[in-house]
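Worksheet: one structure, shown below.
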Amino acid sequence: MEVRHTTNPTDVKQYDTARLRQEFLIPSLFEAGQVKMVYTHYDRMVVGGAVPAGEALALEAAETLKTDYFLERREIGFLNIGGAAVITVDGEAYELDKLDVLYVGKGKREVKLASKDASNPAKLYFCSALAHAEFPTRKMTREEANPNHLGSQETSNERILYKYIHADGIQSCQLMLGVTSLQKGSVWNTMPSHVHDRRMEAYLYFDMAEDTRIFHMMGEPSETRHLVVANEQAIISPPWSIHSGVGTSNYTFCWSMAGENYTFTDMDVVQPSDLK
């Protein structure tokens with residue numbers, strides 16, 4: 045498991061492109077037959093990916109966690125972005141099609157990740173946060189996620205928002221997770237941008253053409269930066285940073301949050317006129 049430490053926004057002003065990418069970009073999460081994880085000290089979230097191409101893969105407690113099993117003090121949300129998946133939690137199997145989500149609460153001991161068809165393997169993206177309370181395992185399909193149609197063609201941000209793990213959906217201790225899909229002709233997400241100093245966020249950009257790139261905006265509102273992101277790459281977004289983006293074509297992204305506040309709408313909006 046790779047470990048990423050927190051950064052000071054004053055120091056980040058001095059980072060060059062290579063250092064920004066080293067600290068905040070996760071370039072590769074999906075490799076056949078592997079479970080890959082990044083442990084960030086921002087709210088101690090674990091961001092990971094798994095591609096079960098043969099035998100089932102186990103979600104194991106790495107030496108980093110110092111626990112007997114992965115979910116001893118954690119909860120986790122899985123999003124499938126590939127072929128059909130089968131996730132087995134303490135002996136009970138859950139099938140996930142593309143854009144289905146499975147939440148698994150604190151205290152579940154054995155989690156195994158498999159593909160229904162090895163010739164079309166699943167790609168499981170997951171985010172795990174610390175938990176102090178137990179909530180039941182629950183699956184939600186994309187259709188059950190109450191799609192919200194937002195934005196417009198005029199502002200190049202016509203999009204569909206799917207909320208899966210949140211106060212009015214799948215119940216959790218502190219983890220929130222959803223998916224936003226931009227429609228053809230739309231390229232902007234989260235503009236006006238915002239910060240929420242009470243929680244961090246992680247992004248996974250996917251369903252992009254090979255030559256499509258996202259310019260992910262970050263940094264303090266008065267000192268913005270950007271990262272150029274390719275398909276199936278992830279971003280760690282600190283609580284003090286804006287998170288917005290624009291692509292060379294439309295795309296889809298998964299957002300997940302953990303931290304102090306469990307209220308989805310808790311954010312401090314930054315108007316474009318205030319960005320520098």
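Counting with my numbering, you get residues 45 to 320 for the letters of the sequence shown. Quick reminder that beta carbons are idealized off the backbone N, C-alpha and C, glycines included.
Between the options, which has its C-alpha nearest residue i's C-alpha?
i	options	result
Leu73	Val95, Leu140, Gly222	Val95
Pro180	Leu115, Ser281, Asn233	Leu115
Glu67	Val79, Ala76, Tyr83	Tyr83
Arg48	Tyr86, Gln227, Val79, Ser216	Tyr86
Leu194	Glu188, Ala253, Met235, Met252	Met235
Arg118	Asn305, Ala177, Asp55	Ala177
Glu187	Leu168, Tyr169, Tyr208, Ala175	Tyr208
Val148	Phe170, Gly303, Ser300	Phe170
Asn192	Asn164, Gln227, Arg182	Gln227
Phe313	Arg65, Cys217, Trp284	Residue identity differs from the one stated: residue 313 is Val in this sequence, not Phe. It is Trp284 whose Cα lies nearest to the Cα of Val313.
Pro53	Asp241, Asp318, Ala175	Asp241
Leu146	Gly213, Gly229, Thr108	Gly213
Glu304	Gln218, Ala253, Asp251	Gln218
Asp112	Lys80, Thr132, Lys150, Tyr138	Lys150
Thr61	Tyr138, Asp318, Phe259, Ala189	Phe259
Asp393	Met252, Ser230, Glu267	The question about residue 393 has no answer here: the residues shown for the chain are numbered 45 through 320.
Ile286	Asp318, Glu198, Cys298	Asp318
So, residue i versus residue j, is the Cβ gap smaller than 9 angstroms?
i	j	result
Leu157	Asp144	no
Met184	His238	no
Trp232	Ser281	no
Met244	Met45	no
Thr296	Asp255	no
Ala166	Gly126	yes
Leu140	Leu168	yes
Arg269	Gln215	no
Ala343	Leu174	Outside the displayed range of the chain (45 to 320) lies residue 343, so it cannot be described from this structure.
Ser196	Asn294	no
If you drop the 5 nearest sequence neighbours on each side, which residues of the same chain put their C-beta closer than 7 angstroms to that of residue i?
i	result
Asp134	Lys152, Arg153, Glu154
Ala278	Ile70, Leu73, Val91, Ala246, Tyr247, Leu248
Thr51	Glu67, Pro282
Ser288	Asn233, Thr234, Met235, Ser237, Met261
Using a Cβ-Cβ cutoff of less than 6 angstroms, which residues in the same chain neighbour residue i once the five nearest sequence positions on both sides are dropped?
i	result
His210	Met220, Phe308
Ser172	Val90, Arg118, Ile120
Ala106	Met45
Gln315	Pro236
Val79	Ala94, Leu101
Tyr138	Ile131, Leu146, Lys183
Met252	Asn275, Tyr295
Val23	Residue coverage of the chain in this structure runs from 45 to 320, which leaves residue 23 outside it and unanswerable.
Lys320	Ser266
Grab me the residues of residue i's own chain with a C-beta within less than 8 angstroms of its C-beta, minus the 5 sequence neighbours each way, in chain order.
i	result
Ala97	Ala76, Gly77, Ser159, Ala162, Pro165
Thr189	The sequence given here has Ala at residue 189, not Thr. Around Ala189: Val145, Tyr206, Lys207, Tyr208, Gly213, Gly222, Val223.
Arg65	Pro71, Leu271
Glu136	Thr181
Is it the case that the CB of residue i approaches a heavy atom of the ligand MN more closely than 8 angstroms?
i	result
Val90	What this structure holds is no ligand at all, so the ligand MN is not there to describe.
At least 3 beta-carbon pairs within less than 8 angstroms: the segment 203-212 vs the segment 262-275: no
Touching by the beta-carbon criterion (3+ pairs, under 8 angstroms), the segment 212-230 and the segment 252-269: no
Start-end ranges of the beta strand (DSSP E) lying completely within the segment 144-196, minimum 3 residues: 145-148, 155-159, 168-174, 182-184, 192-194
Start-end ranges of the beta strand (DSSP E) lying completely within the segment 215-271, minimum 3 residues: 220-226, 237-239, 243-250, 258-264
Residue ranges of each beta strand (DSSP E) within the segment 83-153, 3 or longer: 90-94, 118-124, 129-133, 136-140, 145-148
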